[in-house]
Amino acid sequence: MFQPEIILHHYIGSPYAEKITTALRVKGLPWYSVITSNMLPRPLLEPLTHGYRRIPVMQIGNNVYCDTAVILDELERRYPGDEAVHVSGLSDMVSAWVDKLLFGNVRDQMPWGATPEEQKASPLHAAFGNAAFLSDRSKLSGGRPINTEAIRKAQPFLLDQLLSNLDTLEQTLQGPMETFQRHQQSPPPPAVRPVEGGWVLGTVKPSAADISVFGKIHWLLMTGRAPEYVNKTAYPHIFAWFSQMKAYMKIHAHPTQDRVKFTGEEALEVAKAAAARPDKGFIPTGEKVHAEEKRRVGEIVTVTPNDYGKVPVRGEIVEITSRRVSIRPEPLNSVEVVIHFPRNGYMIVPVQKASL
Ligand SMILES: N[C@@H](CCC(=O)N[C@@H](CS)C(=O)NCC(=O)O)C(=O)O
């Protein structure tokens with residue numbers, strides 16, 4: 088059987104991982120799925136990520152892609168397809184709104200501190216009631232203990248912010264959905280480009296904007312509390328769009344190699360084999376770098392997320408472009424990798440060569 092190139096390290100219930108599984112299904116790509124723990128430690132992932140602790144992580148050979156932004160970019164670069172998933176800068180702007188605002192709104196409505204009785208409802212409830220998971224998430228966001236009682240008390244008030252952003256989404260989808268429904272009733276003449284679906288940016292096929300929004304709405308619906316405030320009556324266009332996304336993925340997902348199970352050990356073997364190739368498994372993209380760029384290939388740096396999970400990853404720059412930085416760390420357990428990060432949201436700081 089043909090072996091998928093893409094390996095996704097993820098766990099079920101991660102809204103960011105859901106963004107990538109959605110992208111793979113929209114694009115109909117075959118992929119291996121390595122299920123990780125939903126908290127640290129992840130000993131089999133560490134030789135690939137060198138301290139970067141967030142999920143998902145995509146691996147192709149010994150190239151390791153950290154953060155959904157660079158993962159989506161790389162999927163589009165390697166597997167462009169007939170309709171770009173990216174729609175100029177607009178889909179990036181929508182994704183930023185989703186990841187910063189909508190993500191926070193939905194996270195605030197999670198079943199924080201679920202009681203043993205509530206934990207029976209779903210794996211999501213079990214995680215949010217698990218003391219070890221809560222302590223892991225407190226470390227992720229800087230070490231302050233998470234006061235689940237205070238969050239639960241604030242939830243009704245935080246909900247107003249979620250609803251306000253869902254209203255924005257509903258309004259955004261109204262135009263594209265109505266155009267789609269009109270075209271279904273009376274199709275446009277063949278000379279006019281067909282409108283297949285009413286997607287967030289009014290595109291013919293789902294764009295990165297749809298892919299980003301889908302993960303967070305799916306996460307929200309997993310809480311099970313959603314019907315109280317998110318339902319078809321209040322948000323008809325969001326619900327119609329959500330069903331349409333699910334139907335689209337059902338039709339377009341790779342028919343036989345969607346989510347082929349793989350182990351962490353097998354993934355490490357793939358990385359080692361790729362590093363043994365003459366090009367050491369890495370070919371630069373050759374893409375543009377900003378004219379004012381200060382960092383250079385060959386420099387030793389640390390790359391650290393700006394927001395949370397701020398663990399620096401140290402290595403030598405092998406490529407730097409306007410959108411990504413790629414570094415080669417000192418191998419861990421003899422696994423030579425190149426790690427790619429997006430520029431946006433990550434700080435690149437030079438370190439003394441002598442101290443590497
Ligand atoms: N900006 C990152 C955020 C990823 C993120 O926050 N992932 C969550 C899971 S949904 C996470 O890693 N939580 C901590 C962990 O799993 O260790 C991305 O787009 O990939």
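Start counting the sequence shown at 88; every next residue gets the next number (the working numbering). Each residue gets a CB set at the ideal place from its N, CA and C atoms; glycine is no exception. This structure is a prediction, so every number in the text was calculated from the model and none was measured.
Here's a check: name, in chain order, each residue in its chain whose Cβ is nearer than 6 Å to the Cβ of tyrosine 445, leaving out the five neighbours to either side. In the structure displayed, the chain extends from 88 to 443; residue 445 sits before or after that span and is not available.
Label serine 251 either buried or exposed according to how many other C-beta atoms from any shown protein chain fall within 10 Å of its C-beta, with 16 as the threshold for buried. exposed
Assign isoleucine 370 to buried or exposed, taking buried as 16 or more other Cβ atoms, counted over all protein chains shown, within 10 Å of its Cβ. Note on isoleucine 370: under 16 other CB atoms within 10 angstroms of its CB, so exposed under the neighbour-count rule.
Rounded C-alpha distance that separates serine 409 from proline 429: Counting only the Cα atoms, proline 429 lies some 9 Å from serine 409.
Buried or exposed for aspartate 297, going by 16 or more other Cβ atoms inside 10 Å? buried
Is aspartate 445 a contact residue of ligand 1, with contact defined as CB to any heavy atom under 7 Å? Examination of residue 445 is not possible in this model, given that the chain is present from 88 through 443 alone.
For proline 416 and histidine 305, what's the separation of their Cα atoms in angstroms? Distance between the alpha carbons of proline 416 and histidine 305: 36 Å.
Where do the N-terminal and C-terminal ends of the beta strand (DSSP E) with valine 317 fall, by residue? First-last for valine 317: undefined, no H or E at that position.
Leaving aside the five residues before and after alanine 209 along the sequence, list all residues of the same chain whose C-beta is less than 8 Å from its C-beta, in chain order. Note that residue 209 corresponds to serine in the displayed sequence, not to alanine. Hits under 8 Å: Met309 and Gly311.
Using the rule of at least 16 other Cβ atoms within 10 Å of the residue's Cβ for burial, across every protein chain shown, is isoleucine 338 buried or exposed? Exposed, by the Cβ-count rule.
Does any heavy atom of ligand 1 sit closer than 7 Å to the C-beta of isoleucine 94? no
With distances taken Cα to Cα, identify the nearest neighbour of aspartate 223 among Gly168, Pro143, Asn125 and Pro134. Comparing C-alpha distances from aspartate 223 to each of Gly168, Pro143, Asn125 and Pro134 shows the shortest one belongs to Asn125.
Return the first residue and the last residue of the alpha helix (DSSP H) that tyrosine 335 is part of. 323-339
At 4 residues or longer, what runs of the alpha helix (DSSP H) sit wholly inside the stretch 358-414? none
Just to check, is the beta-carbon of alanine 213 closer than 7 Å to a non-hydrogen atom of ligand 1? no
Under 8 Å between C-beta atoms of valine 193 and lysine 359: The answer is no: Cβ separation not under 8 Å.
So the candidates are Leu419, Ala156, Asp195 and Gly200; which of them puts its Cα closest to the Cα of methionine 180? Ala156
Using a Cβ-based criterion (distance less than 7 Å to any ligand heavy atom), does asparagine 125 qualify as near ligand 1? Yes, the Cβ of asparagine 125 comes within 7 Å of a heavy atom of ligand 1.
Do you know how far the Cα of glutamate 265 is from the Cα of valine 424? 48 Å
What residue range does the alpha helix (DSSP H) around valine 151 cover? Note, valine 151: premise wrong, no alpha helix (DSSP H); beta strand (DSSP E) at 150-153.
Does at least one heavy atom of ligand 1 sit under 7 Å from the Cβ of glycine 229? no
Taking only heavy atoms of ligand 1 into account, decide whether any of them is closer than 7 Å to the Cβ of proline 210. no
Secondary structure of leucine 308, DSSP reduced to three states: helix
Please report the straight-line C-alpha distance between alanine 213 and glutamate 380, rounded to a whole angstrom. 46 Å
Give me the Cα-Cα distance between valine 317 and valine 172, rounded to the nearest whole angstrom. Near 28 Å, if we compare the C-alpha coordinates of valine 172 and valine 317.
Are serine 178 and serine 294 closer than 8 Å when you measure CB to CB? yes
Look up serine 273 in the DSSP assignment and say whether it is helix, strand or coil. coil
Quick one: Cα of lysine 207 to Cα of arginine 269, how far? 44 Å
Counting pairs of Cβ atoms below 8 Å between the stretch 105-114 and the stretch 151-168, do you hit three or more? yes
Do valine 412 and glycine 63 count as a contact pair if the criterion is CB distance below 8 Å? Absent from the model: residue 63. The displayed extent of the chain is 88 to 443, so no value can be given.
Might you give, ordered along the chain, the residues of its own chain that have their beta carbon closer than 8 Å to the beta carbon of tyrosine 433, omitting 5 neighbours on each side? Asp154, Val390, Thr391, Pro392, Asn393 and Val412
Check: alanine 104 C-beta below 7 Å from any heavy atom of ligand 1: yes
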